[in-house]
Amino acid sequence: MTKLSTVELAIYAVLVLPAAFILSKHSKPGLLGWFYLVAFFTLRIVGGAMALSGSSSASIVANIGLSPLILAAAGILHEARIYRHRNLNTKVEWIKILLFHLQVTGGVALLAAGASGLQSSNPSSSDQALVKVGIAILTVAWAVLFGWAMLSLRSSGGVQGTHAQRLGTMKLLYAVLFSCIFIGIRTLYSLVAMTSNKPNLNPSTGSLAIRVVLGFLPELVAVLGFIAVGFYTRAIRDASQAEPGYEQAGSTMIEMKPQQQQGGHALLSTV
295 MTKLSTVELA IYAVLVLPAA FILSKHSKPG LLGWFYLVAF FTLRIVGGAM ALSGSSSASI
355 VANIGLSPLI LAAAGILHEA RIYRHRNLNT KVEWIKILLF HLQVTGGVAL LAAGASGLQS
415 SNPSSSDQAL VKVGIAILTV AWAVLFGWAM LSLRSSGGVQ GTHAQRLGTM KLLYAVLFSC
475 IFIGIRTLYS LVAMTSNKPN LNPSTGSLAI RVVLGFLPEL VAVLGFIAVG FYTRAIRDAS
535 QAEPGYEQAG STMIEMKPQQ QQGGHALLST V
């Protein structure tokens, strides 16, 4: 546990810096996704430090760390949908986001409550039940997220924008789909580990090889995918603002009058 915690702490302490930079560049449309990615790194750093200090609460922090990663993927998908669909009903979209957040929050709350009870001096069967229900809810949330991303990729109605903007939007969508595969591996590993109660599958004290292959590496690959695409699309908002006929206001797109239109394209790789 100590060696893996040291590696996690070192890697995520480095990755949180580019994640914070990407958050500042993507601004309001990407606030949800990139904020939760920074939150995920922060939780992993805190959890790693607690594990190294021998804190009994480290496993609880490790268990709830999956939720901000799922929410980060949902937020990045939301950003891609904003740029991809100019006729997107923002009220309906935000209702979907809110309901998804409530689902994930409810799942992680049950998981944390159950895990805390199991760490106490008098664990009960109800604590184990809470853990199982909580991780089951998070697994369903991951399935919903993956299906949502697939539908967003297939649906092309109302797609507009500059070539650079469309390219950046597709990069964001593909990043979500790519990372969802590895988030799914991590989520299913937690589901099996927490429902089977096999010692070698325990996310905190089980086999090191299993924890690395099914726990640490899937998370790392997922976040590296987000970091790479987030850096590549760091000027997507500028590309949107430079598109003739449209002006971006927060997370909605407003059509401009002809005399207000401006030409030009912004490269996504411009800082």
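To convert, note that position 158 of the sequence shown is 452 in our numbering; the numbers rise steadily by one, no gaps.
Glycine included, every Cβ here is placed at the ideal spot set by N, Cα and C.
From a predicted model like this one, the values you see are computed outputs, not experimental measurements.
Check: Any chance the stretch 511 to 527 sits against the stretch 462 to 481, with 3 or more Cβ pairs inside 8 Å?
Finding: Yes: at least three Cβ pairs fall under 8 Å.
Checklist line | For V507, the first and last residue of its enclosing alpha helix (DSSP H) | finding: Mapped onto the sequence shown, residue 507 falls at position 213. Per DSSP, V507 belongs to no alpha helix (DSSP H) and is neither H nor E.
Notebook entry, point to check: If you draw a straight line from the C-alpha of W436 to the C-alpha of C474, how long is it?
Noted result: By one-based count along the sequence shown, residue 436 stands at place 142. By one-based count along the sequence shown, residue 474 stands at place 180. The straight-line gap from Cα to Cα measures roughly 8 Å.
Margin query: Using a 10 Å radius around the Cβ and a threshold of 16 neighbouring Cβ atoms, would you call A352 buried or exposed?
Written below: To locate residue 352, count along the sequence shown from 1; it is residue 58. Answer is buried; the Cβ neighbour count reaches 16.
Margin query: On the DSSP letters alone, give me the boundaries of the alpha helix (DSSP H) that N494 sits inside.
Written below: Sequence index remark: in the sequence shown, residue 494 carries index 200 (1-based). Counting along the chain, no alpha helix (DSSP H) covers N494, and no H or E run does either.
Next item on the list: Leaving aside the five residues before and after S418 along the sequence, list all residues of the same chain whose C-beta is less than 8 Å from its C-beta, in chain order.
Entry: Within the sequence shown, the letter at position 124 stands for residue 418. Closer than 8 Å at Cβ, skipping near neighbours: G411.
Check: What number of angstroms, rounded off, separates the C-alpha of L346 from the C-alpha of F315?
Finding: For the purposes of this step, residue 346 is taken as residue 52 along the sequence shown, with counting starting at 1. For the purposes of this step, residue 315 is taken as residue 21 along the sequence shown, with counting starting at 1. Taking the straight line from one Cα to the other gives about 28 Å.
Checklist line | Coarse secondary structure for K551, derived from DSSP in three states | finding: Within the sequence shown, numbered from 1, the residue matching residue 551 stands at position 257. Residue confidence for K551 is low, a pLDDT of 38 falling below 50, so the modelled location carries little weight; the figure read from the coordinates is stated next. Correct three-state label for K551: coil.
Check: If F334 and P362 are in contact, beta carbons under 8 Å, what's the gap, nearest whole angstrom?
Finding: Translated into positions along the sequence shown, residue 334 becomes position 40. Translated into positions along the sequence shown, residue 362 becomes position 68. A Cβ-Cβ separation of about 4 Å places F334 in contact with P362 under the 8 Å criterion.
Next item on the list: Output the boundary residues of the alpha helix (DSSP H) element that contains G369.
Entry: What you label residue 369 is simply residue 75 of the sequence shown in a count that begins at 1. Note, G369: alpha helix (DSSP H), 360 to 378.
Check: Hey, is the stretch 319 to 326 in contact with the stretch 370 to 381, meaning 3+ C-beta pairs nearer than 8 Å?
Finding: Output reads yes: the stretch 370 to 381 touches the stretch 319 to 326.
Checklist line | Inter-residue spacing [alpha-carbon to alpha-carbon] between S414 and A313 | finding: Reading the sequence shown from its first residue, position 120 is the one you call residue 414. Reading the sequence shown from its first residue, position 19 is the one you call residue 313. S414 and A313: Cα-Cα distance of roughly 35 Å.
Notebook entry, point to check: Quick one, are the C-beta atoms of L337 and V355 less than 8 Å apart?
Noted result: Mapped onto the sequence shown, residue 337 falls at position 43. Mapped onto the sequence shown, residue 355 falls at position 61. For L337 and V355, yes; Cβs fall inside 8 Å.
Margin query: Quick check: what's the CA-CA separation for Y330 versus F520?
Written below: Within the sequence shown, residue 330 is the residue found at index 36, counting from 1. Within the sequence shown, residue 520 is the residue found at index 226, counting from 1. Roughly 12 Å separates the two Cα atoms.
Next item on the list: Go ahead and pull the three-state DSSP assignment for P417.
Entry: Position 123 of the sequence shown, counted from the first residue, corresponds to residue 417. P417: coil per DSSP, three-state reduction.
Next item on the list: Report the residue from V398, L396, N416, A423 whose alpha carbon sits nearest the alpha carbon of G408.
Entry: Locating residue 408 in the sequence shown gives position 114, where the first residue counts as 1. Of the candidates V398, L396, N416, A423, the one whose C-alpha sits nearest the C-alpha of G408 is A423.
Check: Alpha carbon to alpha carbon, what distance is there between N416 and V523?
Finding: Taking the first residue of the sequence shown as 1, we reach residue 523 at position 229. Taking the first residue of the sequence shown as 1, we reach residue 416 at position 122. The alpha-carbon atoms of V523 and N416 are separated by roughly 46 Å.
Margin query: Since A503 and N496 should fall inside the 8 Å C-beta cutoff, what is the C-beta to C-beta distance between them, to a whole number of angstroms?
Written below: Looking up residue 503 in the sequence shown gives position 209. Looking up residue 496 in the sequence shown gives position 202. Rounded, the Cβ-Cβ distance is 13 Å, inconsistent with contact.
Notebook entry, point to check: Among V425, F476, G428, which has the Cα closest to the Cα of I440?
Noted result: Residue numbering aside, residue 440 sits at position 146 when the sequence shown is read from its first letter. Residue identity differs from the one stated: residue 440 is Phe in this sequence, not Ile. Among V425, F476, G428, the Cα nearest to that of F440 is on F476.
Check: How is A345 classed by DSSP in three states: helix, strand or coil?
Finding: The residue labelled residue 345 in the question sits at position 51 within the sequence shown. Three-state result, A345: helix.
Notebook entry, point to check: Just the Cα atoms here: how many angstroms apart are L317 and Y306?
Noted result: For the purposes of this step, residue 317 is taken as the residue at position 23 of the sequence shown. For the purposes of this step, residue 306 is taken as the residue at position 12 of the sequence shown. Their Cα atoms are separated by approximately 16 Å.
Item checked: Contact set for T433: own chain, Cβ-Cβ below 6 Å, skip 5 residues either direction -> The count along the sequence shown starts at 1 and reaches residue 433 at position 139. If you ignore the 5 residues before and after T433, its C-beta comes within less than 6 Å of the C-beta of T481, L485, all in its own chain and listed in chain order.
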